[in-house]
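In what follows, a structure is listed as structure tokens, so that the remarks can point back to it.
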């Protein structure tokens, strides 16, 4: 299969250099696809200009779904489908329903959040990993620039990346 | 150094303007208390017919359950055998005791917060530890107030202090069974030596550790020696063990024994949770107000975010403890346990407080502080902290007043007024002592870490 995805990779040694490099590269109008680093770099999200994730909203919605599902289930089961006297309590009495409601809220919020995250990030079984550079798990930071989403010529991009303080600038192609 | 941020020294000044505002608040508190007392004196017993009937039914309900406990006849109506003081005076005593416990909690939580930070070797809080430390200066006042007012409120708040409950016609089997808890080693029904001694020892221990930790914190400002941090950490670790035991026993002694026939194994945790989240709210509120006056440049949105998470998390923790206590008692349905909640849930005086308590301490903090932005912005914290602070007053009100006042309890000017008086006194002590030391520890080994705290 033809390799139709083309990336320019800037390799950086130091996270402070990386942070300023991200800034200069973005200021010159280049879209950075992703930055890979062996450890969390504080402030990277800000300089990359990432919007905050809306995942918490999804989690809240899934939590609400869990709450209502749990309450509906228990009220229907114990109140209407098969009423049983337990400990002399009313058929529909809220306090005993709270633990199950709590657990289902947490369960659905957690599972829903994980599921949403995997769908949004395009993580799926048999997904082939695009490994930009093996050294990102060791001691190098790598800035990946997708040529398809940039209008500048490849050589111009490589020049700007090189001048921003990268220790090396590489090409990487993937088949999609 | 490239990564060292320079900051200038800061010292809080307790201005005459602030003092004037507090004094006016204090005067308002006194006026409200006087007004509340007069209203309470004039209202007398059961003014309305309908209310009287309802109260009678409620009394009968509570009494029938208390009679089932197998206690003596007197257990059925606490007011019957021992009339005690007039309702208005009892109400003052009840409020006095609520505020004693409430503000003791704020002081000891101040120390507890500092100790937790040292024991956990926390760096994020290095710039804000002076505020909880200043709150702990209320401890000696709290101790003296607590001990003096215990002798004042005695029979009116603590039913078990009546000596005739242990011998003769009024003998109460349940209380005799618990008497060693209060009277050991003396004869039951005499002077509650063990109880009073515990109170004195707890405050003495707390004050001692407060002084030790404070000494190291202030000495660090002068010579900047790292050994002070290690010493403070050692004191903190020991204090935390002691606090775990003493706070729990204090909860039984000072609050749970107001309802002497009743018990809950969750109670120590329950009161601790209430104290702790309330203390966090007060610390945060003071930080926010100081920041808005231009102080505390060492504290930024990241620190507020962390302490906001604390309030959010421990509001849920409080609810978890509260609900665990409620659900077990509700489900087991043992009369000697359920009487506590029947008194608070089935009576017109306290039913609304029961639900207000849940709304203020769980639903509002939970929903309002859920998002990241809410915890990072002072405007939202300034709304949530007062909600939590008021909510936990209702919590302590609900723990103490029904046990003291039975069906004569109320909520009005007196409650607000006395709370204001205590709050003003507490703030005077806190702010005076806050002004005596620099506002942040400039030689704290983790101050730079705190300045670069980023989440």
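Protein chains in written order, with our numbering: chain A, 1 to 176; chain B, 1 to 455.
C-beta atoms are modelled at their ideal positions from N, C-alpha and C, and glycine is treated no differently.
Could you check whether the Cβ of residue 98(A) sits closer than 8 Å to any Cβ belonging to chain B?
True, the Cβ-Cβ gap to chain B drops below 8 Å.
Proximity test, Cβ basis, 8 Å: residue 42(A) and chain B
Between residue 42(A) and chain B, the shortest Cβ-Cβ separation is below 8 Å.
Check for me: the alpha helix (DSSP H) holding residue 415(B) runs from which residue to which?
Counting along the chain, the unbroken alpha helix (DSSP H) around residue 415(B) starts and ends at 413 to 436.
Is there a Cβ of chain A sitting closer than 8 Å to that of residue 327(B), yes or no?
Cβ-Cβ to chain A under 8 Å: yes for residue 327(B).
For residue 129(B), the residue or residues it bridges with in DSSP
Paired residue(s): none; residue 129(B) is not in a bridge.
Given residue 165(A), which residues of its chain have a CB within under 6 Å of its CB, disregarding the five upstream and five downstream residues?
The residues 17 and 21, in chain order, have a CB closer than 6 Å to that of residue 165(A) in the same chain once the five nearest residues on each side in sequence are set aside.
Can you name, in chain order, every residue of its own chain whose Cβ lies under 6 Å from the Cβ of residue 224(B), other than the five neighbours on each side?
Closer than 6 Å at the Cβ level, and outside the excluded window around residue 224(B), lie 443.
How do the segment 95 to 102 of chain A and the segment 70 to 82 of chain A stand: do at least 3 beta-carbon pairs fall below 8 Å, yes or no?
Yes: at least three Cβ pairs fall under 8 Å.
DSSP three-state call for residue 27(A): helix, strand or coil?
Assignment of residue 27(A) by DSSP, reduced to helix, strand and coil, places it in the helix class.
Using alpha carbons as the reference points, say which of 146(B), 107(B) and 354(B) lies closest to residue 130(B).
The residue among 146(B), 107(B) and 354(B) with its C-alpha nearest the C-alpha of residue 130(B) is 107(B).
With 9 Å as the C-beta to C-beta threshold (strictly closer), list the residues of the segment 330 to 346 of chain B near chain A in chain order.
Considering only beta carbons, the part of the segment 330 to 346 of chain B lying closer than 9 Å to chain A consists of 330, 331, 332 and 333, in chain order.
Beta-carbon within less than 6 Å of residue 229(B)'s beta-carbon, same chain only, minus the 5 sequence neighbours each way: which residues are those?
If you ignore the 5 residues before and after residue 229(B), its C-beta comes within less than 6 Å of the C-beta of 445, all in its own chain and listed in chain order.
Got a sec? Which residues, its chain only, sit under 6 Å from residue 36(B) by beta carbon, not counting five neighbours each side?
Here the set comprises 412, 413, 414 and 417.
Hey, residue 135(B) and residue 432(B) are a contact pair by Cβ (cut 8 Å); roughly how many whole angstroms apart?
Actually they do not touch by this definition, with Cβ atoms about 12 Å apart.
Is the segment 378 to 388 of chain B touching the segment 286 to 293 of chain B in the sense that three or more CB pairs, one from each, lie closer than 8 Å?
Result yes; three or more Cβ-Cβ pairs closer than 8 Å.
Give the residues of chain B in contact with residue 178(A), contact being defined as C-beta atoms less than 9 Å apart.
Past the edges of chain A, shown from 1 to 176, lies residue 178(A), and the structure says nothing about it.
Which two residues bound the contiguous alpha helix (DSSP H) that contains residue 105(B)?
Here the alpha helix (DSSP H) through residue 105(B) covers 87 to 119.
Could you tell me whether the Cβ atoms of residue 105(A) and residue 59(A) are closer together than 8 Å?
In this structure, residue 105(A) lies away from residue 59(A), with their beta-carbon atoms at least 8 Å apart.
Could you list the residues in the segment 91 to 121 of chain A with a C-beta less than 8 Å from some C-beta on chain B, going in chain order?
Under the 8 Å Cβ criterion, the segment 91 to 121 of chain A contributes 95, 96, 98 and 99.
Which residues DSSP lists as bridging residue 10(A), in chain order:
Answer is 143(A) and 169(A).
Got a sec? Which residues, its chain only, sit under 6 Å from residue 85(B) by beta carbon, not counting five neighbours each side?
The beta carbon of residue 85(B) is closer than 6 Å to those of 156 in its chain, skipping five residues each way along the sequence.
Using 8 Å as the threshold, is the C-beta distance between residue 167(A) and residue 13(A) below it?
Their beta carbons are under 8 Å apart, which means residue 167(A) touches residue 13(A) by this criterion.
Could you tell me which residues DSSP pairs with residue 34(A) in its beta bridges?
Answer is 144(A), bridged to residue 34(A).
Under the three-state DSSP convention, the category residue 174(A) falls into
Shown here, residue 174(A) sits in a strand according to DSSP, grouped into three states.
Beta carbon proximity, residue 323(B) to chain A, threshold 8 Å
For residue 323(B), the answer is yes, since a Cβ of chain A falls inside 8 Å of its Cβ.
For residue 11(B), which beta-bridge partners are listed by DSSP?
Within the DSSP secondary-structure output, residue 11(B) pairs in a beta bridge with 438(B).
Taking CB distances under 8 Å as the criterion, tell me whether residue 87(A) reaches chain B.
For residue 87(A), the answer is yes, since a Cβ of chain B falls inside 8 Å of its Cβ.
Run through chain A and tell me which residues come within less than 8 Å of residue 454(B), C-beta to C-beta.
Contacts between residue 454(B) and chain A, judged by CB atoms closer than 8 Å, involve 42 and 43 in chain order.
On the DSSP bridge assignment, give the partners of residue 158(A) in chain order.
Beta bridge pairing from DSSP links residue 158(A) with no other residue.
Residue-chain proximity (residue 380(B), chain A), Cβ-Cβ < 8 Å:
Output row for residue 380(B): interface = no.
Min CB distance residue 364(B) to chain D below 8 Å:
No chain D appears in the structure shown, which is made up of the protein chains A and B.
CA-to-CA distance, residue 55(A) to residue 135(A), given in whole angstroms:
Their Cα atoms are separated by approximately 30 Å.
Sort 428(B), 354(B), 425(B) and 424(B) by Cα distance to residue 392(B) and report the nearest one.
Checked all of 428(B), 354(B), 425(B) and 424(B); the closest Cα to residue 392(B) is 354(B).
Quick check for students: name the residue ranges of the alpha helix (DSSP H) that lie wholly in the segment 256 to 304 of chain B, counting only runs of 4 or more.
Runs of the alpha helix (DSSP H) lying entirely within the segment 256 to 304 of chain B and spanning at least 4 residues, in chain order: 267 to 292.
Does the distance from the CB of residue 109(A) to the CB of residue 34(A) come in under 8 Å?
Their beta carbons are not under 8 Å apart, which means residue 109(A) does not touch residue 34(A) by this criterion.
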